[in-house]
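Here the sequence shown stands for residues 121 to 797, numbered as in my numbering. Virtual Cβ for every residue (Gly too), placed ideally from N, Cα, C. Notes follow the structure.
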Amino acid sequence: MTRKIVVTSALPYANGPIHMGHLVEYLQTDIWVRYQKMCGNECLYFCADDTHGTPVMISARAAGISPEELVGRMYKEHVADFALFGVEFDNFYSTHSPENKHFSELIFSRLNEAGSITTRDVEQTYCENCKMSLPDRFVRGTCPKCRAENQYGDSCEVCSSTYQPADLINPCCSTCGKPPTLRTSKHYFFKLADYEQQLRDLIAAGHTQKAVANKLDEWFNAGLKDWDISRDGPYFGFKIPGEENKYFYVWLDAPIGYMASAKNYCDRNNLDFDVLWPGAGDGSHGPGNGEYELYHFIGKDIMYFHALFWPAMLTGSGIKTANKLFVHGFLTVNGEKMSKSRGTFIKASTYAKHLNTEYLRYYYASKLSDGIDDIDLSIEDFINRTNSDIVGKFANLASRSGKMLTKKLDSQLGRLDGKGKELISKLTAATDRIIQDYENLKFSSVVRSIAGLADEANRYVEQNQPWVTIKTDPEQTRTILTATVNAVRILTAYIKPILPKYAAKVERFLNVESLSFADVDTVLEDHRIGVFERLAERIDRKQVDAMIEDSKENQAAQPEQESPAEPLKPECTIDDFAKIDLRIAKVIKAEAVEGADKLLRLTLDVGGFEKTVFAGIATAYKPEDLTDKIVVVLANLKPRKMRFGVSEGMILASGEGGKDIFMLTADPGAKPGQTIH
């Protein structure tokens, strides 16, 4: 039976260009959508620019233009970037739209009627210098839970705790660096805990991956807090009905952008939106499952919003929730975070200027699975895999058969013999497995299967040597090449969701209609092919080097705004300083901390006694590499209770995070417990 499916990707923020990290999600989603369409399913892909919030307002102010003009510019740039990489939305829209305003007000109204909206006075950070309230990401300071420094105002990147900006220790304005003041203001809150049981039931029913469900369990166990859904002006967004200077928080209206984009599409294509997304229209269809399946693709950094807030909002509003939430990991380049200084923070447009965009589609697919682990773009592996697979296996197979058929055999196929049928049977036998892997987002498995089948087809050519038989037996050669061309057609059908432009070239060369999975079992015999065209070019390392250099130059031309230095902490006396007890310590044991990707639990020998310390260094050091390391520890730091245990000190380290963290180590011969003066 033909399925009806609606798919969304997380909305790109309208405050900067699309880069290679963003593309992981959009290419993953586009491949899955293309696969569904090749199966004969109706699959609609919706997305939009996320346009509201303080960052857009501040960027527009700095550029001397209105926020509307800024998001208009970014919309055109994003559309162009996605087109370069073959990402085909059925509708790419904007959250700054009448549809989004309507649904934001509708959901707010329904939640209010259900008693799920409350108001209370809150103390919020305000910058006297910038003359504005400071939202979460415009305040930085020390985490109130684990004491990690330079953290955002809404969550800690070290211990994953969430909190309010006013909770930060020694906060500062991210724009000017000045310490903010506190002002009292009435805010609107969504009572998330009202929907805890419905959310638990949703997750238990398989709403998302197991690793995500485990993380959600932590948040459930910690207790669901009311969610602040309002912001004071000045703010770029939608006003809350009945208010003059209060606006919906951007994270309230951003996911509603999925619905707005779908509604805009339905209105332009004479579709009943309430059938497509039950409960969001006139209510005549209710919030049931409806005719369409609904799937969201997101990155793991925003799963709190999409796995808790968003389904709770929909449930409380009587609107259909997604059938499943697909979460993916982040992108690293050469094993490290993308870096502007190293030229690995690469914009989509910069990549497209130097390299075939389908090569990135293929490489990402070769790395992507159904899990949430990060994927790494190794430059050397990218070059080698592209040249080996796309050029050396797929394109080479087509070139071997196509050129000889057109030049020597009048472009005419013959019929399969026994050996040819045996080859084709091997290739078609993999169809169900490949389809199942596509369905389950196991794209790396898909790529391995197709590459293995291509090896099988190339072995057939090597064993039958058409370049030899053409000299003595043209008809036998035609038979060999008929099997080879059919192998090309099958492999192209398999790889088409990943390499759509490559597949279109093959379809023209084979003189066939657009391929689908239903065509895999069809055999081309006594068929005239078209003119062969070159399908792929090898990557030269110089092209990649030029792209990296270009990325460095782009950053030099548009220097990254540096975050202001944190304000000085309160003065201390010499007596205060004298209390600090720095000791040499030896790492006895190091282990990962479940539920905290950046923390390691260290057991230290501090000379006759042991201390347990939690250190935010997991992105830079492997536990097994730390045993017997000699480090420096603040030994008399007052123990603090964390949700992972009690930390009895602090090792000394510096850096900006990621792999750029360096522990202060001592001479290997230093004795544990030795005092540092």
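**Prompt:** Pick from 237, 269, 370, 487: whose alpha carbon is nearest that of residue 134?
**Reply:** 370
**Request:** Taking the CB atoms as reference points, tell me whether residue 380 and residue 597 lie closer together than 8 Å.
**Result:** no
**Request:** Could you check what DSSP says for residue 264 in three-state terms: helix, strand or coil?
**Result:** coil
**Residues of its chain near residue 274, where Cβ-Cβ distance is below 8 Å and the 5 sequence neighbours each way are ignored** = 256, 257, 282, 283, 284, 285
**Prompt:** Between the segment 296–312 and the segment 458–469, do three or more beta carbon pairs fall short of 8 Å?
**Reply:** no
**Three-state secondary structure (DSSP) of residue 620** = helix
**Cβ shell of residue 510 (< 7 Å), same chain only, five flanking positions each side left out** = 479, 482, 656
**Prompt:** DSSP puts residue 705 in a beta bridge; with which residues?
**Reply:** 751
**Asked** Between residue 312 and residue 288, which are expected to be in contact by the criterion C-beta below 8 Å, what is the C-beta distance as a whole number of angstroms?
**Response** About 22 Å; that fails the 8 Å criterion.
**Request:** Could you check the C-alpha separation between residue 365 and residue 355 for me, to the nearest Å?
**Result:** 9 Å
**Item:** Buried versus exposed call for residue 502 [16 or more other C-beta atoms within 10 Å across all chains shown]
**Value:** buried
**Message:** I believe residue 571 touches residue 513 by the beta-carbon criterion, under 8 Å. Please report the beta-carbon distance rounded to the nearest angstrom.
**Reply:** 6 Å
**Message:** On the DSSP bridge list, what partners appear for residue 308?
**Reply:** 239
**Message:** Taking the beta strand (DSSP E) that residue 735 belongs to, which residues open and close that run?
**Reply:** 730–735
**Message:** Starting from residue 798, trace the alpha helix (DSSP H) in both directions and tell me its first and last residue.
**Reply:** Since the first and last residues shown for the chain are 121 and 797, residue 798 lies out of range.
**Item:** Among 745, 723, 536, nearest to residue 770 - alpha-carbon criterion
**Value:** 723
**Message:** Please classify residue 473 as buried or exposed, where buried requires at least 16 neighbouring CB atoms within 10 angstroms.
**Reply:** exposed
**Request:** Note down the Cα distance separating residue 580 from residue 609, rounded to an integer number of angstroms.
**Result:** 15 Å
**Request:** Can you give me the start and stop residues for the alpha helix (DSSP H) that residue 765 sits inside?
**Result:** First-last for residue 765: 765–767, but that is the beta strand (DSSP E), not the alpha helix (DSSP H).
**Message:** I'd like the span of the alpha helix (DSSP H) that includes residue 150, first residue to last.
**Reply:** 140–158
**Message:** If I measure Cβ to Cβ from residue 410 and keep anything under 7 Å in the same chain, skipping five residues before and after, which residues do I get?
**Reply:** 395, 398, 440
**Asked** Curious, which full-length alpha helix (DSSP H) runs of at least 4 residues does the segment 530–567 contain?
**Response** 538–548, 551–559
**Prompt:** DSSP three-state call for residue 347: helix, strand or coil?
**Reply:** strand
**Asked** Between the beta-carbon of residue 447 and the beta-carbon of residue 492, is there less than 8 Å?
**Response** yes
**Asked** Is there contact here, the segment 663–672 with the segment 512–527, by at least three beta-carbon pairs under 8 Å?
**Response** no
**Request:** Going by CA-CA distance only, name the one from 236, 759, 319 that's closest to residue 336.
**Result:** 319
**Item:** Cut-off 8 Å between Cβ atoms - residues of its own chain near residue 252, not counting five sequence neighbours on either side
**Value:** 174, 246, 354
**Request:** Give the secondary structure of residue 710 by DSSP, where H, G and I count as helix, E and B as strand, and everything else as coil.
**Result:** strand
**Asked** Using 8 Å as the Cβ pair cut-off and three pairs as the minimum, do the segment 525–538 and the segment 554–572 touch?
**Response** no
**Request:** Please name the residue in 524, 121, 494, 708 whose C-alpha comes closest to that of residue 727.
**Result:** 708
**DSSP state of residue 271 mapped onto helix, strand, coil** = strand
**Request:** With a cut-off of 8 Å on the beta carbons, I'd call residue 220 and residue 392 a contact; round off their distance for me.
**Result:** Wrong, their Cβ atoms sit about 19 Å apart, outside the cutoff.
**Reduced DSSP secondary structure (H/G/I, E/B, other) of residue 685** = Unreliable positioning characterises residue 685 in this predicted model, as indicated by a pLDDT of 41, which lies under 50. The coordinate reading is nonetheless provided below. Reduced to three states, the DSSP call for residue 685 is coil.
**Message:** Classify residue 504: buried if its beta carbon has 16 or more other beta carbons within 10 angstroms, exposed otherwise.
**Reply:** exposed
**Item:** Presumed contact (8 Å Cβ cut-off) between residue 600 and residue 584, rounded CB distance
**Value:** 5 Å
**Request:** Confirm, please, whether the CB-CB distance from residue 330 to residue 239 is below 8 Å.
**Result:** no
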